[in-house]
Every structure is written in C-alpha cells, then in structure tokens.
Amino acid sequence: MTASPAAPAIPAGFDPTDPDLCQTGVPLDEFAELRRTAPVWWVEQTPESRAGFNGEGFWAISKHADVAAVSKNSKDFSSQENGAIIRFAPDMTREQVELQGIMLINQDPPDHTKIRQIISRGFTPRSINAQHDVLVQRANNIVDEAIAKGSGDFVNEVASELPLQAIADLMGVPQEDRGKLFDWSNTMMSFDDPDFVGNPDEAAAEILVYAMGLAEERRKNPQDDIITKLITADVDGHGQLGEDEFGYFVIMLAVAGNETTRNAITHGMNAFFQHPDQWELWKAERPSTMVDEVIRWATPVTTFQRTAINDVMVGDVEVKKGERVGLYYASANHDEEVFTDPNTFDITRSPNPHLSFGGHGAHYCIGANLARLEVEIMFNTLADRLPDIKQLGEAKRLRHGWINGIKELPVQYV
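Below, the structure is given as structure tokens:
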C-alpha cells in the first residue's frame, strides 16, 4: 500500500471512525476537503481502532461516484472478507469478526443472493403497503401520548416508537415486547457510549434466544407474518433459512429497523427546528420530496466497509487485494458534483440520488421502502397534530464510530 498524500486541511491522525469525533458531528468539512484533494485517502489506525482486523488501516472513499461504483462491484470487493462494520470495540477479536459472517449484511453472492431472495418475500411492495393504515393509526396513537405529556424526549417518545411498532408488527412480535428489542438493540449498538450500560454480547444472545422462541412458536402456530414466511416457505428451490441464519436475521432486523429509521426521524425533526422555513413549507405543501431529503440529511449509517479481493483502481488510486475501504455515504450525500448546495436542507430537492440506503448494489437496504413510509407517515402526523412543536434543548449525539445517532432531543409538544 502506498499512502495517498495528506490532504492539506486534514489534521494529522484524522480517523473518521473515531467515536469522539463523530459524537461532535459528522466531519463534513474534512470530507469536503478530501473530495477536493484526496477522494481515496489512506487512514492509518491505532491498534485499538482497528481491533478485529488485519492491516494498518483503510481507504476512506468520499466521492459519490466512487462510493456508488464500489457498492455495485461485487467482483472486486467483498463484504464477507472483513464484514461491513468498519469499527468495533477495542477488545474485538478476529474470531468474533469472522463469526459475524453469517449475517446477511456480511455476505457475498451467491450466499447473499440466496438468503436475500428468501427474506425479500417479507418486504414486497404489497407487504409494505399493507402496513400503511396500521402505521397511520400507530403514529396518531404515538402523538396522542406525546400530547398528554406536554413535553419530553422526542427520541424515545416519538422517533423510536413507529419503527419499533412497525418491526414488531412485521415480525409478529407482541407489542408489549417491543421495549425488549429496543433495549437489546441499543445495548448491542451503543458499546462506545458511556451513557449506555450492558454487555453487547449478552444483548445479542438475548435476541437470538428470543428469535428461536418465536420460530418454534410459529412452526406450531403459523401466522401471516415475516417469521412464518421465513421459516416455512420454499421459494424457487432456495429452501428455508437455517436456525442460525434466521436468528442473526432477527438481530439485523431489530437493529436496522429500529436504529436507522429512529435516527432519520430524529435528524429530520432537528433539521426542521434548524430550518423553520422548511417546516412551514412542509406543513403547507407536503412535497413528496421531503422523505428523501430527510434521509439524505440524516444519513443514519455514516459508512460501511468492503475489502478488496483483487487489486483494483478506485478513482486514481490502486487498492490492493486484502485492503479495506470505507464507503462514506455521509460524504457522498454532500458531494457538490452531485447535489446543488448540499449543506442546505431543502425538502423540495429533486433529483436526490442519495446513497443513504447503501448504494444500489447487492446490499441495497432491503427495508428502504418501509423506512420511507415510516418517515412520511410520522412527519405528516406531526404536521397535522403537532404543528407548533418546539425544541427545548440541544440534541444530544450518540458516541459511535459509524452510526450518526441522536440519543436525546428535548421538545415541547403542545
């Protein structure tokens, strides 16, 4: 590996996976500088910041075109080799990284293709559209409870609730158990934040045990939910998910279906607070373009990684076989070559080819349509029922290496 020249305005030791840096905010200024001067830039990491991985660091890919190209290139880049997660806790081992290869997000074709085709039966447009009326009612109930409180934390009381309830409905999880999924997924994903206590491995084990219990119950009593579909159906000769595959899929669904959409809704509300003209526009005109602008602006997952399985050119840089690359969706979503005034929150933005759902390759987010529907319904409900919602304090950001999270947003509902 030949390191790329240091970008002039990038501080020595800059690592965009540093959770302290990300707690302050997504480093958009540094990404802008990288896009100008070193769009494929070598990040040298300390041993604790690359725990579980071989090598000395990774290539940060910051331009929209390059992120999109690598996302689509399963011939030269692997998710299986090192997984998609770019940074773990400092005590992560190589064995633990390799054990996560069973998760869909960490697989390559043809295994990924087979399992995705099985899972996708629960995320058809028909399945998602069938959720619409129920989600509208749930959103209204969520707002009813917020109104009764008068003020509170938007994250826990509003933004988290609709995704949690939707995932519970989709999976056939009793609504009274949704809090367990919330707590377990938070514990799993918030290992870098001292405000969250608990053991991530124990939380993952709790979800696995819970998933196995659900599967066993559905084998005895099939229902019209995704769990029954996943454990009983055979589609195009692909068979059924194995027990481990099913358990880890539930982990992925609990985390992805909760964490990302919750943060999109929270960042969207915070953006409306910061841009009151856009809130007035939304209340008055309801442009359909709002949803994708909120998701672009939020970019809940800042980055995923791939590993080169061949020597390959990315932009003007040769990435060697075995080297990791970070696909910085947050940077791509602010690329001036693609977005006019990318640092402006504009709910009428069109076109809006953001990469918040992971680019358009094999790993495009399977729940993208559900996420869009939840964002649309939640902000329609808020505009209708809480048009005068006000911010009472600063948003408190999550300390994390690759999730763009907000853990608290104090608001006055009425």
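Position one of the sequence shown corresponds to residue 1 (the numbering used here), numbered consecutively onward.
Positions of the beta carbon are idealized from the N, C-alpha and C atoms, including for glycine.
Quick caveat, the model's predicted, so the values are computed rather than measured.
Give the DSSP bridge partners of residue i, in chain order.
i, result
"Tyr-328", "Thr-303"
"Gln-412", "Ser-151 and Lys-390"
"Met-313", "Glu-318"
"Phe-416", "The first residue shown for the chain is 1 and the last is 414, placing residue 416 beyond what the model contains."
"Trp-41", "Ala-60"
Assign residue i to one of three DSSP states: helix, strand, or coil.
i, result
"Ala-308", "strand"
"Met-189", "helix"
"Arg-101", "Just to set this straight, residue 101 is Gly in the shown sequence, not Arg. Gly-101 falls in the helix class under three-state DSSP."
"Pro-110", "coil"
"Arg-397", "strand"
"Phe-345", "coil"
"Asn-85", "Contrary to the premise, residue 85 reads as Ile rather than Asn in this sequence. Reduced to three states, the DSSP call for Ile-85 is coil."
"Phe-53", "coil"
"Val-70", "helix"
"Trp-421", "Summary: the structure shown does not reach residue 421, with the chain confined to residues 1 through 414, and so no result is reported for it."
"Met-92", "coil"
"Lys-320", "coil"
"Ile-251", "helix"
"Val-209", "helix"
"Ser-127", "helix"
"Trp-402", "coil"
"Lys-283", "helix"
"Pro-11", "coil"
"Ser-160", "coil"
Please report how far the alpha carbon of residue i lies from the alpha carbon of residue j, in whole angstroms.
i, j, result
"Glu-374", "Thr-261", "8 Å"
"Glu-95", "Gly-52", "8 Å"
"Glu-56", "Ala-159", "38 Å"
"Arg-399", "Arg-121", "35 Å"
"Arg-35", "Thr-348", "25 Å"
"Arg-286", "Pro-387", "13 Å"
"Ile-406", "Asp-195", "12 Å"
"Glu-202", "His-363", "27 Å"
"Lys-321", "Gln-305", "14 Å"
"Asp-144", "Thr-299", "28 Å"
"Ile-119", "Leu-230", "6 Å"
"Gly-213", "Trp-184", "16 Å"
"Ile-167", "Ser-288", "24 Å"
"Asp-284", "Ile-128", "Before going on, a small fix: residue 284 reads as Ala here, not Asp. Cα to Cα, Ala-284 sits roughly 27 Å from Ile-128."
"Lys-220", "Gln-175", "20 Å"
"Trp-402", "Asn-156", "21 Å"
Excluding the 5 residues preceding and the 5 following residue i in the sequence, name in chain order all residues of the same chain whose CB lies nearer than 8 Å to its CB.
i, result
"Pro-16", "Cys-22, Pro-27, Glu-30, Phe-31, Val-43, Ala-60, Thr-302, Thr-303, Gly-326 and Tyr-328"
"Pro-109", "Ser-74 and Ala-362"
"Val-125", "Before going further, note that residue 125 is Pro rather than Val in the sequence given. Cβ within range, chain order: Asn-369."
"Leu-241", "Ile-115, Ile-118, Ile-119, Leu-230, Ile-231 and Phe-249"
"Lys-180", "Glu-206 and Tyr-210"
"Arg-218", "Gly-172, Asp-225, Ile-227, Thr-228, Ile-231 and Thr-232"
By a C-beta neighbour count over all protein chains shown, 10 Å radius and 16 as the cutoff for buried, is residue i buried or exposed?
i, result
"Gly-150", "exposed"
"Pro-39", "buried"
"Leu-392", "exposed"
"Ile-295", "buried"
"Asn-199", "exposed"
"Lys-390", "exposed"
"Arg-324", "buried"
"Thr-228", "buried"
"Gly-25", "exposed"
"Thr-46", "exposed"
"Lys-63", "buried"
"Asp-341", "exposed"
"Ser-71", "buried"
"Asp-224", "exposed"
"Gly-358", "buried"
"Asp-277", "exposed"
"Pro-19", "buried"
"Pro-404", "It is Asn, not Pro, that sits at residue 404 in the sequence shown. Buried, since its Cβ has 16 or more Cβ neighbours within 10 Å."
"Val-314", "buried"
With a threshold of 8 Å between beta carbons, is residue i in contact with chain B?
i, result
"Ile-207", "Chain labels in this structure do not include chain B; a single protein chain is all it has."
Grab me the residues of residue i's own chain with a C-beta within less than 7 Å of its C-beta, minus the 5 sequence neighbours each way, in chain order.
i, result
"Gln-100", "Gly-83 and Asn-106"
"Phe-191", "Ala-89 and Pro-200"
"His-112", "Leu-104 and Ala-362"
"Gly-13", "none"
"Pro-163", "Gly-257, Asn-258, Thr-261, Arg-262 and Glu-374"
"Asp-244", "Ile-102"
"Met-92", "Ala-51 and Gly-52"
"Val-338", "His-64 and Pro-353"
Ordered along the chain, which non-local residues of its own chain (more than five positions away) have a Cβ less than 6 Å from that of residue i?
i, result
"Val-312", "Asp-76 and Val-319"
"Asn-73", "none"
"Lys-396", "Lys-407 and Glu-408"
"Ile-226", "Gly-122, Leu-170 and Met-171"
"Asn-310", "Asp-76 and Lys-321"
"Ile-377", "Leu-135, Val-136 and Ala-139"
"Arg-385", "Val-143"
Any heavy atom of the ligand COA closer than 7 Å to the CB of residue i?
i, result
"Pro-174", "Judged by which ligands are present, the structure shown has none, so any question about the ligand COA falls away."
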